[in-house]
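Below: one structure, written as structure tokens.
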Amino acid sequence: MWMARNGRVYKDSAEKNKRSKIFNDNVEYMESVNRVENRPYKLGINEFADQTNEEFQASRNGYKRLSIARSSQTLSFRHENVTAPATMDRRKKGAVTPIKDQEPMCKSKAASHAAKITGYEDVPANNEAALLKAVTKQPVSVAIDAGGSDFQFYSSGVFTGQCGTELDHGVTVVGYGTAVDTTKYWLVENSWRKLGRGWILKDAKRYRCC
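Position in the sequence shown (from 1) plus 1 gives the number in the working numbering.
The following block contains the structure:
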């Protein structure tokens with residue numbers, strides 16, 4: 002069923018056996034993560050279930066950080082005086098276009114796929130308050146470290162897994178809020194799903210690797 006649903010056709014029995022073992026190992030890993038009590042997010046079988054984490058990273062995480070010299074002059078930030086509401090979901094405001102799946106080997110572009118770009122302004126670096134204010138006005142393209150296995154199989158919930166600093170994937174922040182347990186999160190829209198279904202990642206740490 003999984004092979005048919007995901008269009009998998011392996012070249013020979015050796016490849017099929019190899020992928021079957023990887024699949025089973027991944028399922029075992031997902032189940033071990035999901036058994037942890039009080040973990041606020043779940044992993045699930047998806048189209049990457051027959052890939053090792055190394056293969057997943059090589060085929061999907063192609064963001065390259067631009068080495069552009071920044072002026073030492075302090076630039077103005079147009080949303081500096083914005084008062085941010087307690088919650089924001091720009092999908093409900095019609096500000097987010099349908100997702101186009103980022104096909105394997107497609108490298109992340111300067112702007113994330115989830116948003117239509119008509120112009121841009123840099124949000125002050127390492128300034129979460131500024132990012133919060135910017136998101137109240139429009140979706141914001143950011144880079145994250147999405148190389149871990151929990152990102153590979155993320156299914157639902159508020160993600161509180163490991164957050165690295167090797168930025169390798171472009172996504173779009175489309176909102177923020179606070180969970181029932183008072184955990185603050187970002188709503189992040191991704192481009193790793195087929196059939197136009199966006200990957201919505203809620204991060205409990207106001208994602209410090211963005």
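Yeah, the Cβ is synthetic: ideal placement off N, Cα and C, and Gly gets one too.
All values derive from a computational prediction rather than experimental measurement.
Alpha carbon to alpha carbon, what distance is there between residue j and residue i?
i: L44; j: E56; result: 18 Å
i: S113; j: V37; result: Residue placement at S113 cannot be trusted, given a pLDDT of 48 that sits under 50; what the coordinates show is reported in the next sentence. Their backbone Cα atoms lie some 33 Å apart in a straight line.
i: N27; j: E81; result: 45 Å
i: A5; j: K12; result: 15 Å
i: A180; j: Y186; result: 7 Å
i: V136; j: E167; result: 23 Å
i: P41; j: F160; result: 7 Å
i: K19; j: T84; result: 54 Å
i: V124; j: G158; result: 27 Å
i: A111; j: E48; result: In this prediction, A111 has a pLDDT of 42, which is less than 50 and means its spatial position is unreliable; what the coordinates show is noted afterwards. If I take the Cα positions, the gap works out to 25 Å.
i: C210; j: G178; result: A caution first: C210 carries a pLDDT of 36, below 50, which makes its placement in the model unreliable, though a value can still be read off. Cα to Cα, C210 sits roughly 18 Å from G178.
i: A126; j: K17; result: 46 Å
i: K138; j: R9; result: 41 Å
i: Y30; j: S77; result: 47 Å
i: G176; j: G95; result: 12 Å
i: W3; j: G148; result: 23 Å
i: A15; j: S21; result: 10 Å
i: T184; j: A87; result: 13 Å
i: A205; j: N7; result: For A205, the predicted structure reports a pLDDT of 39, less than 50, and the residue's modelled location is therefore unreliable. A value from the coordinates is still provided. Answer to the nearest angstrom: the Cα atoms are 31 Å apart.
i: L133; j: M89; result: 9 Å
Using the three-state DSSP reduction, which class does residue i fall into: helix, strand or coil?
i: I23; result: helix
i: M89; result: strand
i: E167; result: coil
i: V175; result: strand
i: A180; result: coil
i: E32; result: helix
i: N18; result: helix
i: S77; result: coil
Quick check on the DSSP output: the alpha helix (DSSP H) that includes residue i runs from which residue to which?
i: K134; result: E129 to V136
i: A59; result: N54 to R61
i: M4; result: W3 to R6
Could you tell me the boundaries of the beta strand (DSSP E) in which residue i lies?
i: A144; result: V141 to I145
i: E190; result: K185 to E190
Would you list the residues sitting across from residue i in a DSSP beta bridge?
i: K12; result: In DSSP, K12 forms no bridge with anything.
i: F154; result: In the DSSP output, where bridge partners are listed per residue, F154 has none listed.
i: K43; result: S157
Using 8 Å for Cβ pairs, my map puts residue i next to residue j. What's the rounded Cβ distance?
i: V174; j: L188; result: 7 Å
i: R79; j: E129; result: Between E129 and R79 the Cβ distance is about 17 Å, and since that is not below 8 Å, they are no contact.
i: F24; j: A59; result: Not confirmed; about 18 Å, so no contact.
i: R61; j: P140; result: Actually they do not touch by this definition, with Cβ atoms about 21 Å apart.
i: G162; j: D151; result: 4 Å
i: N39; j: Q153; result: Their Cβ separation, rounded to whole angstroms, is 22 Å, which puts N39 and Q153 out of contact at 8 Å.
i: C164; j: D182; result: With 8 Å as the limit, C164 and D182 do not qualify as a contact, their Cβ atoms being about 19 Å apart.
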